[in-house]
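*Asks:* Got a structure for you, written out below as C-alpha cells; questions coming shortly.
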Amino acid sequence: MKDVNWVALTVFLLFFAVVSVMGFLASRWRRADNALHLDEWGLGGRSFGTWITWFLLGGDLYTAYTFIAVPAAIYATGAGGFFAVPYTIIAYPLVFLFLPRLWSVSRVHGYVTPADFVRGRYGSRGLSLAVALTGILATMPYIALQLVGIQAVLDVLGVGGSGNWFMKDLPLFLAFGVLAAYTYSSGLRAPALIAFVKDTLVYIVIIVAVIYIPMRLGGYAHVFDSAAQKFSAPGSKGSLIVGPKAQWTYATLALGSALALFMYPHSVTGVLASKSRNTVRRNMAIMPAYSLMLGLLALLGFMAIAAGVGKGIKGYNNQLAVPQLFEDMFPDWFTGVAFAAIGIGALVPAAIMSIAAANLFTRNVYKEFVNPAATPADETKVAKVASLLVKVGALVFVLLMDKQFAINLQLLGGLWILQTAVSIVAGLFTRWFHRWALLAGWAVGMAYGTWKAYGISSAATKHFGGNSAEIPVIGQIGYIGLTAFVLNLAVAVVLTLVLKAAKAPEGVDETDRADYTADAGDRAVEDAPQPAAAH
Amino acid sequence: MSSQTPLPVVTPERVLAGLCLAVPIVAMLWVSSYAKADPGLGGMPFFYWYQLAWVPVSAVFTVGAYLLINRDEKARRAARPAAPKGGEQE
Chain H
1235 MKDVNWVALT VFLLFFAVVS VMGFLASRWR RADNALHLDE WGLGGRSFGT
1285 WITWFLLGGD LYTAYTFIAV PAAIYATGAG GFFAVPYTII AYPLVFLFLP
1335 RLWSVSRVHG YVTPADFVRG RYGSRGLSLA VALTGILATM PYIALQLVGI
1385 QAVLDVLGVG GSGNWFMKDL PLFLAFGVLA AYTYSSGLRA PALIAFVKDT
1435 LVYIVIIVAV IYIPMRLGGY AHVFDSAAQK FSAPGSKGSL IVGPKAQWTY
1485 ATLALGSALA LFMYPHSVTG VLASKSRNTV RRNMAIMPAY SLMLGLLALL
1535 GFMAIAAGVG KGIKGYNNQL AVPQLFEDMF PDWFTGVAFA AIGIGALVPA
1585 AIMSIAAANL FTRNVYKEFV NPAATPADET KVAKVASLLV KVGALVFVLL
1635 MDKQFAINLQ LLGGLWILQT AVSIVAGLFT RWFHRWALLA GWAVGMAYGT
1685 WKAYGISSAA TKHFGGNSAE IPVIGQIGYI GLTAFVLNLA VAVVLTLVLK
1735 AAKAPEGVDE TDRADYTADA GDRAVEDAPQ PAAAH
Chain F
2 MSSQTPLPVV TPERVLAGLC LAVPIVAMLW VSSYAKADPG LGGMPFFYWY
52 QLAWVPVSAV FTVGAYLLIN RDEKARRAAR PAAPKGGEQE
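Here the protein sequences come in this chain order: H and F.
Number 1732 in the numbering used here belongs to position 498 of the first sequence; there are no gaps in the numbering.
Number 76 in the numbering used here belongs to position 75 of the second sequence; there are no gaps in the numbering.
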C-alpha cells in the first residue's frame, strides 16, 4: 500500500465537507410553496435561469468519469480518444434545433421525463415504457462509473484499496451515503448549487494544469514529441494523428455520441429545469466553454505520457494516469484541490442521474402501471425512495461486479439511449411515424447494437470490448450505435408506411402544434397543468 | 398587432440560422480535412489546435443562430392574430 498523502487528503475532505453542507442547505434555496410536487424535487421548480442552467448542465454532462476517461483514452490510444472534442462541438448546434421544442411541449403539458412526452405524443404506453426503461438502463452504469472516478482519486490519495473489503470501500460508502442523503432531502436543487463549486474548481484546476504542467515538462513541443515517440514504437496501438482508416470511426463516434448526449435522462432533466425557451437556446451557445475545457483536459493524457506516468508498468490502469499525473506534478495542497474537483465532479452528475432515473421510474412505470391515481405528493415520495435505490444499485454494481463490466455497460448505454432518438426527435417535429413502427425500430436498433457489441473483444474483455465495427454496405469501420440508429430509422419508416396502408390505429396525440413553440409568459404556459414555479 | 398573414415556414432568418448550425457540424465531420500534423502551433500538431479552435468558433455560429431565431420568433409572435400576453417585451 502506498503512503497516504495527508495534505492532499485534508484539502480534499475540506471541500467535500463544504459541498455536503451546501447540499443539505440547498433545500431552502429558491424554495417554492409546494415542496411536495415532483416538479419541485425532480426539476427544481422549473425555475433555473441561464447561469444556473449553465452550471447545472456543465456539472451534469462533464462528469468525473469524463475527466478520467477522456485523457485516459488519449494516454492509451492517442488521437482516437480526441473524438470527445468534435463530439461536444457538434452536440450543441445539433440539439439547438429540437431541445427548445421539447422544453415548450413539456412545460405546457407538465412532462417531467422524455418518456412522458412520448406517452403524450403517441398515446402509446408500450413505446413510453421502452423509452423509460432504456433511460434507466443506460443511466445505471453511468452512475456506477462516477463511483469508479471517486475510487481512482482515493486510490492515488492512498486511502482505500487495501485491507478487508469493508475498510477498503469505507470511504466510498461514506461519500455515497452523504450524497444519497442530501439528494433525498433537497432534490435537484442540491446538485444545482454544488455545481457552482464543482465547475469553479474544475476550471481553476484545468487552467493551472495546462499552463503549469507543460512548463515543468519542457513545453508542448516536448509533450507531443514524447507522445509521437510512444505511438511510433513497434507494437503500439495508438497514433498521434487519426489514420485514414480510422476517420470514419472518428466521425461516426462524434456524430452518434452528440445525438445521444441529450437523449440521456439526466441531460433532459437539466434542460427541463430551466425557466424559459431562450434559457435553453442561450445555453447551447455558452456550453462550448466546457468543451474547450474538455479539449484541454484531453491533452493531459499526452502530458502523462511525457511525464513518464505508468511507464514500464505492465498492465497499467490507464484510468489512474491523470490522478497520478496531478500527484506527481502539483504541490500536495493543489493535488487536494484537483482531486476535490474530480470527486465533487462525480457527485453532481451522480445526483442528477439518480434523480432522472427516479423520475422515469415514478412517472413512467409507477404512475403508469402500478398506481395511476398517484397524486403529485405520492410521486415525490416514490421518486425520493427510487433515487436511493438507484444509488444503492450503482454501489452494489461497483462493489460486486468487475469494473470493466461497468465500463462495457456504459459504452452500451450510449448505444442504447441513441435508439430512443428516433421516437423523441422525430416526434418533436412530426406525427407521421406510427407508434408501433417506432417500437419495432427501437427493438431492432437495440438488438442489432447489442449483438454487434457483444462480438467485439479487446485485451481487457472478451465481449463488449469496443464500440465500432464494420458498417454494412459502406464497408468502413464506424460507431455501432450510429449504424443501429440508421437501421432503427429505416425500420420505423418502412413499417410506418405498411401500418398506414393497413390503417392500424394511430393512438391519441394530446399535444397541439402551438405547444411546441410556447414560451414562458404565453397563456398556454401560464395555464399549464400544475404550474409549480408560478405561484 | 395588425392582423397580418402568418409568416411562411421558410424565412431568410431560419435558413441562415440553419446554415449557422450546419457549418460546425460539417467542419467537424470532415475529418480528412484536419487529420494531419502540419502546420503545428506552438508545438501542437494541426489536428489538435484546429479542433480546439473550432470550439469557440462553433459558439460564435450558435450565437448567430440564436439571434436570428429570436428575430424570427418575435416576428412570428407579432404576426399571430390575438397574440397572447407577454410575447413582446419591448
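Think of the CB as a built atom: it goes at the ideal place given N, C-alpha and C, for glycine as much as any other residue.
Since this is a predicted model, take the numbers as computed values, not measurements.
Who are the Cβ neighbours of leucine 1558 of chain H in its own chain at under 8 Å, not counting the five residues just before and after it?
*Replies:* The sequence shown places glutamine at residue 1558 of chain H, not leucine. Correct list, in chain order: Val1390, Ala1538, Val1543, Gly1544.
*Asks:* State yes or no: is the beta carbon of serine 34 of chain F nearer than 7 Å to at least one beta carbon in chain H?
*Replies:* No, its Cβ sits nowhere closer than 7 Å to a Cβ of chain H.
*Asks:* Considering only DSSP beta bridges, list what glutamate 1704 of chain H is partnered with.
*Replies:* Note: glutamate 1704 of chain H sits in a beta bridge opposite H:Ile1711.
*Asks:* With a cut-off of 8 Å, do at least 3 Cβ pairs link the stretch 1503-1514 of chain H to the stretch 1283-1296 of chain H?
*Replies:* With the cut-off at 8 Å, the stretch 1503-1514 of chain H and the stretch 1283-1296 of chain H touch.
*Asks:* Reducing DSSP to helix, strand and coil, say where phenylalanine 1496 of chain H ends up.
*Replies:* Phenylalanine 1496 of chain H: coil per DSSP, three-state reduction.
*Asks:* If you draw a straight line from the alpha carbon of tyrosine 1750 of chain H to that of glycine 44 of chain F, how long is it in whole angstroms?
*Replies:* Each residue's Cα considered, the two are about 49 Å apart.
*Asks:* Applying the 10 Å Cβ sphere with the 16-neighbour rule, what's the burial state of glycine 1452 of chain H?
*Replies:* Label assigned to glycine 1452 of chain H: exposed.
*Asks:* For serine 59 of chain F and proline 46 of chain F, I'd like the C-alpha separation in whole angstroms.
*Replies:* Approximately 20 Å, taken between the alpha carbons.
*Asks:* Could you tell me whether the Cβ of tryptophan 50 of chain F comes closer than 7 Å to any Cβ of chain H?
*Replies:* Answer no: the Cβ-Cβ gap between tryptophan 50 of chain F and chain H never drops below 7 Å.
*Asks:* Which ranges would you report for the alpha helix (DSSP H) in the stretch 1344-1393 of chain H if only whole runs of at least 4 residues count?
*Replies:* List check, alpha helix (DSSP H) in window: 1348-1356, 1359-1391.
*Asks:* Who are the neighbours of methionine 1518 of chain H on chain F, taking C-beta pairs under 7 Å?
*Replies:* Here the neighbours are Thr63.
*Asks:* Give me the chain F residues within the contact set of alanine 1655 of chain H, using Cβ-Cβ distance strictly less than 9 Å, ordered along the chain.
*Replies:* Those within 9 Å of alanine 1655 of chain H in chain F number zero; the least Cβ separation is about 16 Å.
*Asks:* For leucine 1333 of chain H and valine 1505 of chain H, what's the separation of their Cα atoms in angstroms?
*Replies:* Answer to the nearest angstrom: the Cα atoms are 8 Å apart.
*Asks:* Does alanine 1768 of chain H have its Cβ less than 7 Å from a Cβ in chain F?
*Replies:* Because alanine 1768 of chain H sits at a pLDDT of 33, beneath the cut-off of 50, its placement in the model cannot be relied upon, and the following sentence gives the value as read from the coordinates. Cβ-Cβ to chain F under 7 Å: no for alanine 1768 of chain H.
*Asks:* Does alanine 1455 of chain H get closer than 7 Å to chain F when you measure Cβ to Cβ?
*Replies:* So yes, alanine 1455 of chain H belongs to the interface.
*Asks:* Measure the alpha-carbon distance for tyrosine 1321 of chain H versus serine 1491 of chain H and round it to whole angstroms.
*Replies:* Between tyrosine 1321 of chain H and serine 1491 of chain H, the C-alpha separation is close to 6 Å.
*Asks:* Taking 7 Å as the CB-CB cut-off, is alanine 1485 of chain H touching chain F?
*Replies:* Closer than 7 Å to some Cβ of chain F, the Cβ of alanine 1485 of chain H qualifies, so yes.
*Asks:* Closer than 9 Å by beta-carbon distance: list the chain C residues that pair up with valine 16 of chain F, in chain order.
*Replies:* Checking the listed chains, one finds no chain C in this structure; the protein chains it contains are H and F.
*Asks:* Give the straight-line distance between the Cα atoms of glutamine 1553 of chain H and leucine 1295 of chain H, rounded to the nearest whole angstrom.
*Replies:* Going from the Cα of glutamine 1553 of chain H to the Cα of leucine 1295 of chain H covers about 19 Å.
*Asks:* If you reduce the DSSP assignment to three classes, tell me which class serine 1470 of chain H lands in.
*Replies:* In this structure, serine 1470 of chain H counts as coil in the three-state DSSP scheme.
*Asks:* Whole angstroms are fine: how far does the CA of asparagine 1701 of chain H sit from the CA of isoleucine 1714 of chain H?
*Replies:* If I take the Cα positions, the gap works out to 6 Å.
*Asks:* Given this structure, state the Cα-to-Cα distance separating glutamate 1744 of chain H from aspartate 1350 of chain H, to the nearest angstrom.
*Replies:* Cα to Cα, the separation comes out at about 11 Å.
*Asks:* Which residues in chain F have a C-beta closer than 7 Å to the C-beta of phenylalanine 1330 of chain H? List them in chain order.
*Replies:* Here the neighbours are Leu22, Thr63, Ala66.
*Asks:* Return the chain-ordered ranges of every alpha helix (DSSP H) run that is complete within the stretch 1497-1549 of chain H and spans a minimum of 4 residues.
*Replies:* 1499-1506, 1511-1520, 1522-1540, all fully within the stretch 1497-1549 of chain H.
*Asks:* Compute the distance between the beta-carbons of phenylalanine 1719 of chain H and leucine 1652 of chain H, then report whether it is under 7 Å.
*Replies:* Yes. Within cutoff.
*Asks:* Where DSSP assigns a beta bridge to phenylalanine 1282 of chain H, which residues make up the other side?
*Replies:* H:Ser1508, per the DSSP bridge assignment.
*Asks:* Give the single residue among H:Thr1368, H:Thr1297, H:Ser1362, H:Gly1276 whose Cα lies nearest to the Cα of valine 1684 of chain H.
*Replies:* It is worth fixing the name first, because residue 1684 of chain H is threonine in this sequence and not valine. The candidate whose alpha carbon is nearest that of threonine 1684 of chain H is H:Thr1368.
*Asks:* Roughly how far, in whole angstroms, is the beta-carbon of glycine 1579 of chain H from the beta-carbon of alanine 1298 of chain H, given that I think they are within contact range, below 8 Å?
*Replies:* At roughly 4 Å, the Cβ-Cβ gap stays under 8 Å, so glycine 1579 of chain H and alanine 1298 of chain H are in contact.
*Asks:* One question on the structure: do valine 1342 of chain H and alanine 1758 of chain H come within less than 7 Å of each other, judged by their Cβ atoms?
*Replies:* Cβ atoms of valine 1342 of chain H and alanine 1758 of chain H: closer than 7 Å.
*Asks:* Give the residues of chain H in contact with alanine 79 of chain F, contact being defined as C-beta atoms less than 9 Å apart.
*Replies:* Correct list: empty, because the minimum Cβ distance to chain H is about 14 Å.
*Asks:* Mind pulling the chain H residues with CB within less than 8 Å of proline 9 of chain F?
*Replies:* Per Cβ cutoff of 8 Å: no residues; proline 9 of chain F is ~15 Å from chain H at best.
*Asks:* Below 8 Å CB to CB, which residues in the same chain sit around arginine 1264 of chain H once its five sequence neighbours on both sides are set aside?
*Replies:* Taken in chain order, the residues that qualify are Gly1278, Gly1279, Ser1281, Arg1423.
*Asks:* I'd like to know if leucine 69 of chain F contacts chain H, where contact means its C-beta is closer than 7 Å to some C-beta of that chain.
*Replies:* Judged by the 7 Å Cβ criterion, leucine 69 of chain F is not in contact with chain H.
*Asks:* So serine 1525 of chain H contacts chain F; which residues on that side make the cut at Cβ distance below 7 Å?
*Replies:* Going along chain F in sequence order, the residues near serine 1525 of chain H (Cβ under 7 Å) are Val56.
*Asks:* Are there three or more Cβ pairs, one per stretch, closer than 8 Å when the stretch 1402-1413 of chain H is compared with the stretch 1618-1638 of chain H?
*Replies:* A contact exists between the stretch 1402-1413 of chain H and the stretch 1618-1638 of chain H.
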